[in-house]
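Note that numbering that gives the first Met the number 0 gives residue 665 to position 666 of the sequence shown, counting from 1, and the numbers run on in steps of one.
Cβ atoms here follow ideal geometry from the backbone N, Cα and C, with glycine treated the same way.
Take a look at the structure below.
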Amino acid sequence: MTLVKSIKFTPEALITAPRRSDPTPNTAGTLAIYIVSTYDLDAHKEYKEVRILKVDDSTSTLLSNDSDDADPQWLGDTDQILYQRSTENEETELWIANGSGEKKAYFAGKIPTAALELKAVQLKNGKVGITFSAPTNPKGQIFNPKTADSPKHTGVEYSTHPIRVWDTWNPYYRFSLYYTTIAKQSDGRWKLSAEDPINALKGTKLRYPYGAGGALGEGGSYTIGPHGVLLCSPKPGQNTALTYLSGAYFIRLDSFEEKKPKVIELKTPEYVGTVDAPAFSPDGKTLAFVVARTKYTDRSKKGIAVFNIDDEEAYEASHATTKLIKFADGKKTTWDRFPGDLIWSHDSKRLYIKAEDLGYVRLFSLNLITAMPSGKTATNLAEAPQCLIHDSYSLNSIALLNRNNTSGNKLLLTFSSYTEPSLYTIFDLSTGESRPISSISNYGANLGLKPSQIESITFPGDKSDVQAFIVRPSFFNPKKKYPIALLVHGGPQGAWNSSWSTRWNPTLWAEQGYVVLLPNPSGSSGFGLEIYASVQGDWGGRPYRDIVKSVEYIEKKLDYVDPSNIIMAGGSYGGYMANWIAGHPLAKRLKCLVCHDGVFHTASMLASDFVAGIDQDVGSHLWDDIRPWEKWSPANYVKDWTTPMLIIHSEKDFRCPLNEGLGAYAALQAKGVESRFLYFPDENHWVLKRENSLKWHHTVFGWINHYAGITDGVVQLGPALCDAKFDEDDEEDGIEEGE
Numbered sequence: 000m001t002l003v004k005s006i007k008f009t010p011e012a013l014i015t016a017p018r019r020s021d022p023t024p025n026t027a028g029t030l031a032i033y034i035v036s037t038y039d040l041d042a043h044k045e046y047k048e049v050r051i052l053k054v055d056d057s058t059s060t061l062l063s064n065d066s067d068d069a070d071p072q073w074l075g076d077t078d079q080i081l082y083q084r085s086t087e088n089e090e091t092e093l094w095i096a097n098g099s100g101e102k103k104a105y106f107a108g109k110i111p112t113a114a115l116e117l118k119a120v121q122l123k124n125g126k127v128g129i130t131f132s133a134p135t136n137p138k139g140q141i142f143n144p145k146t147a148d149s150p151k152h153t154g155v156e157y158s159t160h161p162i163r164v165w166d167t168w169n170p171y172y173r174f175s176l177y178y179t180t181i182a183k184q185s186d187g188r189w190k191l192s193a194e195d196p197i198n199a200l201k202g203t204k205l206r207y208p209y210g211a212g213g214a215l216g217e218g219g220s221y222t223i224g225p226h227g228v229l230l231c232s233p234k235p236g237q238n239t240a241l242t243y244l245s246g247a248y249f250i251r252l253d254s255f256e257e258k259k260p261k262v263i264e265l266k267t268p269e270y271v272g273t274v275d276a277p278a279f280s281p282d283g284k285t286l287a288f289v290v291a292r293t294k295y296t297d298r299s300k301k302g303i304a305v306f307n308i309d310d311e312e313a314y315e316a317s318h319a320t321t322k323l324i325k326f327a328d329g330k331k332t333t334w335d336r337f338p339g340d341l342i343w344s345h346d347s348k349r350l351y352i353k354a355e356d357l358g359y360v361r362l363f364s365l366n367l368i369t370a371m372p373s374g375k376t377a378t379n380l381a382e383a384p385q386c387l388i389h390d391s392y393s394l395n396s397i398a399l400l401n402r403n404n405t406s407g408n409k410l411l412l413t414f415s416s417y418t419e420p421s422l423y424t425i426f427d428l429s430t431g432e433s434r435p436i437s438s439i440s441n442y443g444a445n446l447g448l449k450p451s452q453i454e455s456i457t458f459p460g461d462k463s464d465v466q467a468f469i470v471r472p473s474f475f476n477p478k479k480k481y482p483i484a485l486l487v488h489g490g491p492q493g494a495w496n497s498s499w500s501t502r503w504n505p506t507l508w509a510e511q512g513y514v515v516l517l518p519n520p521s522g523s524s525g526f527g528l529e530i531y532a533s534v535q536g537d538w539g540g541r542p543y544r545d546i547v548k549s550v551e552y553i554e555k556k557l558d559y560v561d562p563s564n565i566i567m568a569g570g571s572y573g574g575y576m577a578n579w580i581a582g583h584p585l586a587k588r589l590k591c592l593v594c595h596d597g598v599f600h601t602a603s604m605l606a607s608d609f610v611a612g613i614d615q616d617v618g619s620h621l622w623d624d625i626r627p628w629e630k631w632s633p634a635n636y637v638k639d640w641t642t643p644m645l646i647i648h649s650e651k652d653f654r655c656p657l658n659e660g661l662g663a664y665a666a667l668q669a670k671g672v673e674s675r676f677l678y679f680p681d682e683n684h685w686v687l688k689r690e691n692s693l694k695w696h697h698t699v700f701g702w703i704n705h706y707a708g709i710t711d712g713v714v715q716l717g718p719a720l721c722d723a724k725f726d727e728d729d730e731e732d733g734i735e736e737g738e
């Protein structure tokens, strides 16, 4: 499937364009399943297709266009597809379909509540193991809040923190991890076990996911193999208002029918920080996960823990000790990047690693034969992993093709860039060659975009070199001058990576007639630990100075920009930076500002959903030393706010709560600064609903185009929706002055 060709990349084109999931290949590597969703602005409706890709010839066939079919995945090693449907009572039905689409899907069983993050794995006995998280009652039993008796009042009490996560208040019940099996019957159909699903965490103090979970994975993560579950979950017993550390736990399950599974905590030598990215080898005998060296994750180096589940010497009563692969030891560092997702190689001799690197997300390969500690040695300082692909794309996903073949040598990779929404590629590990098999946009051409619009630059920053991207419009003429759109990313420990976004899409901004500047200032990820950690306790310092230098650099080096016509916008930390810039000298050079979900008063961020580690962000706890909180609070510089600003905030944003936007807007209005407030009652930290996204883009682009003086064929600013317009002569409406 490809996009309908768009003459120009507009907000409408972004909203209606198909959005494609990462593909999941079957075990044989011959087929891959994925989802495509589109939106019709006339019908105000989203349409979804579940499709099957033939890997060898890149052809695609429709499996289902029923919007009720959710989370399709392969049923173990078969070519059958398992997907879910939700009932009115929020029960979860399991349905099975043939990957060829030749036969109708059939009902395979029902889970009596909402099943989240359901996973399936092939077992040696021919059955398929099933795991999922679900609501749990105090007795540790699976629980359906929709049908169970609930309190007659609406009050909810808490005695621990957090009490809400991302956009959801933690409910009065908890969640846990459950397992069961699905087996093939004599008639050839698969059927869910009639036995009640078993609570894997019963009798422990572990919760999964923790609270309401969270879009950024704060609630934990897990993966399964044919011999059990590897769970990354917050450690019990900690004060989660101060620290939020997760641990790794192995749950041995060979039949997925064990009544009382043993939960083993996996401890790592030397490293005691948070864990993530759990991964099993193809045979399920070895596992790996990423672990931080200290509890201060934002300042901590990371390593990779590896554990053989049959290593009896590693086990003790309730825990086991892993081997640790380090990339730093004392003053010596071999690899100054943070490993992300992990995938084992076909022969389990390598780990493929997804990691941010200098404005891109790259694929790395780690040779475990040389990286693993030898003998009884617990740790080893490994050489840097090898980067396998260098190009202008960022890696989204990694999957093995022909997974059970130990001689397999091909990966199915998904990439995107600033000009390409979704590119499927086969990577040959034996030759190092990539073969694209499916681009959803014809490499950007169907959207009128081309790679030549993008340029990476490096310039001297405040204390170190800073990387940035320049994005030019598709109709760029080097003899003309263009206004500058300065966009600051969130985090602050994030980055502008060359990847597609349906929320902050730099090429969409460029198509409005701007040269877009995307700096990765101090605090950005993918540039080494020193730069990453430098923002801690210095939110408005070094990063701000880097941003100023980015503007100064391009006005000197780029003849086609107009340094007298600059707008600035940012979300989250970028919104904080908009508020911060408003009270500092750079604002005098700006035509206007856009603050999306930004921080206004730092002390108010104690109302955020996650406050653990906030002392590291600001520089102290509020009760230990208030000076850093006051120093870095944009509210303390409101006296200097004069630049027009658009404030955007949403009701369900619990990361940067709504009051931050309300406070900033009230200050602007009271001071008589030109300002506007855009509010969404049904969005969180991100504006995700497509009609809301369209409104967001129209308001933002209308605002910046108004102040930048761009009027030719682009979005224009209309009146605020809630500004009442009355006749100047009130007496005509029967209203006399003084009434």
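Practice task
Indicate whether R50 and P420 have their beta-carbon atoms separated by less than 9 Å.
Solution key: no
Handout entry: Residue(s) in a DSSP beta bridge with K353
Key = L362
Practice task
Pull up the distance between the alpha-carbon of G128 and that of T180, whole angstroms please.
Solution key: Going from the Cα of G128 to the Cα of T180 covers about 5 Å.
Handout entry: Given I580 as reference, the closest of W538, I34, D41 once Cα atoms are compared
Key = W538
Exercise for the section: Would you grab the beta carbon distance between I263 and K284 for me? Rounded to a whole angstrom, and I think it's under 8 Å. Expected result: With a Cβ gap of about 15 Å, I263 and K284 do not count as contacting.
Handout entry: Proximity to L357 [Cα-Cα], best of P144, K138, P277, S521
Key = S521
Practice task
Could you tell me the distance, in whole angstroms, from the CA atom of L411 to the CA atom of L428?
Solution key: 11 Å
Exercise for the section: Going by CA-CA distance only, name the one from S416, K294, N404 that's closest to S391. Expected result: It is S416.
Exercise for the section: Taking only the alpha-carbon atoms, compute the straight-line gap between P505 and S149 and give it to the nearest angstrom. Expected result: 47 Å
Practice task
Compute the Euclidean distance between the alpha carbons of S676 and E90, then round it to the nearest angstrom.
Solution key: A small fix is needed here, since residue 676 is Phe in this sequence, not Ser. Approximately 40 Å, taken between the alpha carbons.
Handout entry: Chain-order list of residues whose beta-carbon lies under 7 Å from that of E554 (same chain, five-residue window excluded)
Key = V560, P562
Handout entry: Whether K590 touches A707 by CB criterion (9 Å)
Key = Between K590 and A707, the gap from beta carbon to beta carbon is short of 9 Å.
Problem - Which of helix, strand or coil DSSP assigns to H740 - result: Missing from the structure shown is residue 740; the chain here goes from 0 to 738 and no further.
Handout entry: Local Cβ density within 10 Å of L693, reported as buried at 16 or more and exposed below that
Key = buried
Handout entry: Strand pairing of P24, partner residues [DSSP]
Key = A31
Problem - CA nearest to the CA of R654, picked from K688, F249, L605, R689 - result: L605
Practice task
Please list, in chain order, all residues of the same chain as S463 whose beta carbon is under 7 Å from its beta carbon, the five residues on each side excluded.
Solution key: I530
Exercise for the section: Please name the residue, chosen from G213, E194, Y295, A211, that lies closest to F255 on a Cα-to-Cα basis. Expected result: By alpha-carbon distance to F255, the top candidate from G213, E194, Y295, A211 is E194.
Practice task
Measure the C-alpha to C-alpha separation of N136 and N198 and round it to an integer number of angstroms.
Solution key: 11 Å
Handout entry: Residue nearest to Q511 in terms of C-alpha spacing, selected from Q492, S500, I483
Key = I483
Problem - Presumed contact (8 Å Cβ cut-off) between D722 and I647, rounded CB distance - result: So it is not a contact: roughly 17 Å between Cβ atoms.
Problem - Sequence ranges, alpha helix (DSSP H) only - wholly within the stretch 450–532, length at least 4 - result: 505–509, 528–532
Problem - Identified DSSP bridge partners for Y248 - result: L230, E264
Exercise for the section: Whole angstroms is fine: what's the gap from P718's alpha carbon to W508's? Expected result: 21 Å
Practice task
Determine the extent of the alpha helix (DSSP H) in which M604 is found, giving its start and end residues.
Solution key: Annotation: M604 is outside any alpha helix (DSSP H) and is labelled neither H nor E by DSSP.
Handout entry: C-alpha gap between A467 and L200, whole angstroms
Key = Taking the straight line from one Cα to the other gives about 46 Å.
Practice task
Any chance you could list the beta strand (DSSP E) runs of at least 3 consecutive residues sitting entirely within the stretch 129–194, in chain order?
Solution key: 173–183, 189–191
Practice task
Mark T405 as exposed unless 16 or more other C-beta atoms lie within 10 angstroms of its C-beta, in which case mark it buried.
Solution key: exposed
Handout entry: Other residues of its chain near F142: CB distance less than 7 Å, five sequence neighbours each side excluded
Key = T112, P134, T135, N136, Y172
Exercise for the section: Could you name the residues of the same chain whose beta carbon sits closer than 8 Å to that of S373, not counting the 5 residues immediately before and after it, in chain order? Expected result: The residues are N379.
Exercise for the section: Would you check if the stretch 602–617 and the stretch 158–168 touch, i.e. whether three or more CB-CB distances between them fall below 8 Å? Expected result: yes
Exercise for the section: Give the straight-line distance between the Cα atoms of D282 and P384, rounded to the nearest whole angstrom. Expected result: 23 Å
Handout entry: Proximal residues to K741 (C-beta, below 7 Å), its chain only, five neighbours per side dropped
Key = With the chain covering only 0 through 738, there is no way to say anything about residue 741.
Problem - C-beta atoms of Q237 and L244 nearer than 9 Å - result: With respect to L244, Q237 sits close: the two C-beta atoms are nearer than 9 Å.
Practice task
Please state whether DSSP places V713 in a helix, a strand or coil.
Solution key: Here V713 sits in coil by DSSP.
Problem - Length of the line joining the Cα atoms of V617 and Y295 - result: 13 Å
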